[in-house]
Amino acid sequence: MKLSAWRKCHKWIGLLFCFFLLMFCFSGIVLNHRSFFADSTVSRRYLPETFRYKDWNQGLLRGTLRHGDSIIVYGSGGIFQADTMGTSVVDFNAGLPHGDHRNIRSVVSLPDGRLYAMGLFHLYVLLPPEDVCHGQTRQWQQVKFDFEEERWSDLVLHGDTLIAVGRSSLYVSRPPYRHFKRVVLPAPSDHTGKVSLFRTVWLLHSGELFGLPGRLLMDAVALVLIALSLTGIMHWLFPKYLRRLPLHRRRTAARRMKQNIRYHDLFGRKTIVLTLLLVFTGWCLRPPLLIALFSLETPPIPYTALDQPNPWHERLRMLRYDERMGDWLLSASDGFYSLKDFADVPRPIADAPPVSVMGLNVLAQTPQGKWQVGSFSGFYEWDRAGGKAYDYTTGATVAKAASPKPFGGMPVSGYSRDFCAADGTPIDCVVQHRAGTSLIAMPESFRFLPMSLWHAALELHNGRLYTFLGKSAGFYIFLAGLLSILVLWSGWAIRFRRRSCSEASRK
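In my numbering, the protein residues as written are -6 to 500.
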C-alpha cells in the first residue's frame, strides 16, 4: 500500500474511532480493579432505557428464601423483604455497603433465626431481633474470616453445616458458626492439568496472568492508547488553530505542534508490540474466535496466575446437595460434577444441560427430585436419575454438550417458587434476563436503583451500552478489534516507510 494510503487510513479511521478507543481504555482500567471500585455506583437515570430495572429483570431477582411469614429476595440490587404474595416489597439492605457489594449470590436461614448473605467479596450475617443489643439497629454485619478471603460464588446450608463456596475452595462451618475450615477438593477424575485457552487469553488481555504487576502494565498500555488518541486529535486540530493565530504567535504554536507529533510518534513506536497485544487479545474474547478458544485447552504457563497447585483454582460456581441421589452436585466453570463428600474424587456428569459461558444463575431441586437449571443459554429441567434434560418451555430433549454461546433463546437470570397466589397456590416464577417476570410486581422506585461502576464499565467495554447500534452491537467488538489493529499498524507502517525513504535519500 502506498504511503499516502496508509496516512489516510491512519488519520480518518483513527479520528472516527478514537472516542470508542478512549472508552475501551477508561472502562478497561476500571474492570482491572474491581475491588478498588466496588463502592462506586452509576445512576441508571443516565443510562439507556434498556438498563433500567423492569419486572425484576437483569438479575434484580436472582433467588428467594422463605423466612417466617415473609420472603427474602436477593440479586444484583441487594436484598429485599416481601410478603408471600409479593404485593409489598421493602428495602432490606441496612448495613450492606453500596455498589458491587450488593451483588448478592445467595441467602440462607439458620434454625436459630440468623440470616447469612453471600456477596461477591464478603459474607454478611443478620442477627434475629432478640439477639440485637438494646439501642442498636438491626443490620447486616460483615463476617470476618481467619484466612485471606477470595471472590465468593455461593452459600449453601445442609443440615447444620454452612458452606461458603469460594471461586477456588470450600469453607465449612458448623454450630456455633464462629469459624470456617478451608477445604480444597481433590482433583476431578477428568483432570488433565490443562486450562482453557480462552481463560489464558482473557488473563493475558487484562494482565492478571502476571498478577498485580501485569494488571498495572496493561493499565499503562491503556494510558498510552489514551495519549496516542489525544495527541492524534491535537495534531489534526493544530493546523486549523495555527491559521487563526497572529503571525508573532504562530512560531511558538508550530514548535508545540512538532513536539506533539514527536511524542505521538515516540509512544507509538516504543509500545507497538504491547498495544497490538492488548487489542488482539481483546478481539479474541468475542465471537467468532471466542468459540474456538473456549473449546481448546493448553498447559498453564509456568510461574503465572494459572500455574496453581489447586486443581479447582477459579473454577467453583455453585454447590447443592441432591436429596434424591444422595450426593453433592457441583457446578464448575467447565461443567457439573458429583461427589459423595468433600474428600471424594469429583466425577464429571456427561448428561448435564447446556450452561452459558457467562455462568449458571439457577440451580434448584424440585419436590420430585429433578433439577431446574437456568443460565443465559436457557432454562431446563434435568432428570439426573434418568440422564436426560428437557427444555422448560417446549419439553424437548436438549443436547448434552455445553453451549458456548453467551445468550440463548430464553436467557434466565433468576428463579423462585416461594411466592403464592391469592388462593395459596405456589407460583413457579422464572425470571428472564431481559423480560423479567410479570408474576410478581416490582415497586416503581426500584427502576432506578444504582448500577455498580464496575458493571457499567463492563457494559461499556462490551459495547452493549451503545444501544444505538441495535442488532449490529453483536459485531461491535469484532469490528472494533479490526479497526484498532488497522490504526496501530498503519501508524507503524507510516513510520517505517518514512524511515526507509530517509535512509534511501542519504545513500
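Glycine included, C-beta positions come from ideal geometry on N, C-alpha and C.
Item	Value
Sort Phe372, Pro339 and Gly61 by Cα distance to Val348 and report the nearest one.	Phe372
Assuming Asp212 is part of the alpha helix (DSSP H), what are its boundary residues?	Gly204 to Arg236
With which residues is Arg59 paired in a DSSP beta bridge?	Ile64
In the DSSP output, which residue or residues are listed as bridge partners for Ser199?	Its beta-bridge partners do not exist; DSSP assigns none.
Return the chain-ordered ranges of every beta strand (DSSP E) run that is complete within the stretch 357 to 381 and spans a minimum of 3 residues.	364 to 368 and 371 to 376
Using the rule of at least 16 other Cβ atoms within 10 Å of the residue's Cβ for burial, across every protein chain shown, is Asn96 buried or exposed?	buried
How is Met250 classed by DSSP in three states: helix, strand or coil?	helix
Locate the beta strand (DSSP E) running through Ser324, then write down its first and last residues.	Asp320 to Ala325
Using CA coordinates, which residue listed in Val214, Gly275, Lys251 and Leu209 is at the minimum distance from Gly225?	Lys251
What span of residues does the alpha helix (DSSP H) with Cys18 cover, start to end?	Gly7 to Leu24
On a CA-only basis, which of Leu8, Trp5, Asp147 and Phe44 is nearest Arg427? Give me that one, please.	Phe44
Let me confirm a value: Trp305 is counted as buried when at least 16 other C-beta atoms fall within 10 Å, else exposed. Which label applies?	buried
Residues bridged to Gly407 by DSSP?	Val424
Helix, strand or coil: how does DSSP classify Ile470 here?	helix
Name the two residues that bound the continuous beta strand (DSSP E) containing Thr154.	Thr154 to Gly159
Between which two residues does the beta strand (DSSP E) carrying Ser99 extend?	Ser99 to Ser102
Starting from the Cα of Met435, find the closest Cα among Leu332, Trp49 and Thr154 and give me that residue.	Trp49
Using the DSSP secondary-structure output, state which residues sit across from Ala110 in a beta bridge.	Val100 and Tyr117
Looking only at its own chain, which residues have a Cβ that is under 8 Å from the Cβ of Ala530, when we skip the five neighbours before and after it?	Outside the shown range of the chain (-6 to 500) lies residue 530, about which nothing can therefore be said.
Mapping DSSP to helix, strand and coil, what is Tyr46?	coil
Straight-line CA distance for Arg167 to Leu150?	10 Å
Three-state secondary structure (DSSP) at Ala395?	Unreliable placement is indicated for Ala395, whose pLDDT of 47 sits below 50; no coordinate value is reported for it.
Is Val480 buried or exposed, if buried means 16 or more other CB atoms sit within 10 Å of its CB?	buried
What does the Cβ neighbour count give for Tyr109, buried or exposed, with the cut at 16 atoms within 10 Å?	buried
At the level of alpha carbons, what is the spacing between His115 and Ala(-2)?	55 Å
Which term fits Leu453, buried or exposed, when burial requires 16 or more other beta carbons within 10 angstroms of its beta carbon?	buried
Can Ile294 and Leu210 be called in contact, C-beta distance under 8 Å?	no
What residue range is occupied by the uninterrupted beta strand (DSSP E) comprising Leu40?	Leu40 -> no beta strand (DSSP E), and no H or E assigned at all.
According to DSSP, what are the bridge partners of Thr387?	In the DSSP output, where bridge partners are listed per residue, Thr387 has none listed.
Can you look up His448 in the DSSP assignment and give me helix, strand or coil?	helix
Short of 7 Å in beta carbon distance, which residues of its chain neighbour Glu307, apart from the five on each side in sequence? Order them along the chain.	Arg160 and Ser161
Am I right that Ile342 and Ser326 are in contact with their C-beta atoms under 8 Å? What's the rounded C-beta distance?	Not a contact, Cβ separation roughly 14 Å.
Would you identify the three-state DSSP class for Ser331, choosing helix, strand or coil?	strand
What does a CB cutoff of less than 7 Å around Arg175 pick up in its chain, not counting 5 residues either side in sequence?	Phe140, Ser162 and Tyr164
Gln358 to Tyr408, Cα distance in whole Å?	12 Å
Distance, Cα to Cα, Asn303 vs Met78?	45 Å
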